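Every number in this note's numbering is 6 more than the matching position in the sequence shown, counting from 1.
Report on the structure given below.
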Amino acid sequence: MNWGKGIAIALALFMGFIIYLAVTLMTTNVDLETEDYYIRELSYEDEINAVQNAQKSDPVKLDLQENHVIVQIPQDQPYKDVQVLFKRPDNDKLDKTFDVKGTKMMALDRSMFVPGEYKVEISYLNGDTPCLIKDKIYI
């Protein structure tokens, strides 16, 4: 084999690799975490304050059990408008939102969720003060 054939084979392999890489990258789904990211960025300071407010009081607890996900609100706290958002980072169609009303404990069946990682955001009002708890769980 001479130099010409070797260079031609090397170029063909390199071009094949580049084409494979281009096709792979073009078919990969790269969704934004949220569609309204610019509006959320403007209200990010409020979100930071809500997280700090939640750290000052008794937190709403999230407990993973064998068959259930338990949301537990402290009994002695006057929390209202409690909302639990389960966000799936890789597929926004699997996101789930639950409102906790009229109870201090809510049990969610684990079969409602596709196994994997979820980002959990628990938002509530402590009196008139907005609070936010962010966590990550694996179901």
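All C-beta atoms in this analysis are idealised placements derived from N, C-alpha and C, irrespective of residue type, glycine included.
Remember, predicted model here, so these are calculated numbers, not experimental data.
Is DSSP giving residue i helix, strand or coil here?
i: Asp-98; result: helix
i: Gln-89; result: strand
i: Lys-110; result: coil
i: Ile-139; result: strand
i: Asp-42; result: coil
i: Glu-72; result: coil
Based on DSSP bridge pairs, tell me the residues matched to residue i.
i: Lys-67; result: Gln-78
i: Ser-129; result: Gln-89 and Leu-138
i: Asp-105; result: Gln-89
Quick one: using the 10 Å Cβ neighbour count with 16 as the cut-off for buried, is residue i buried or exposed?
i: Val-29; result: exposed
i: Leu-138; result: buried
i: Ala-60; result: buried
i: Val-36; result: exposed
i: Ile-25; result: exposed
i: Phe-92; result: buried
i: Ile-15; result: exposed
Near residue i, what residues of its chain come up, given a Cβ to Cβ distance below 6 angstroms and the 5 sequence neighbours on each side ignored?
i: Ile-76; result: Asp-69 and Ala-113
i: Val-120; result: Leu-100
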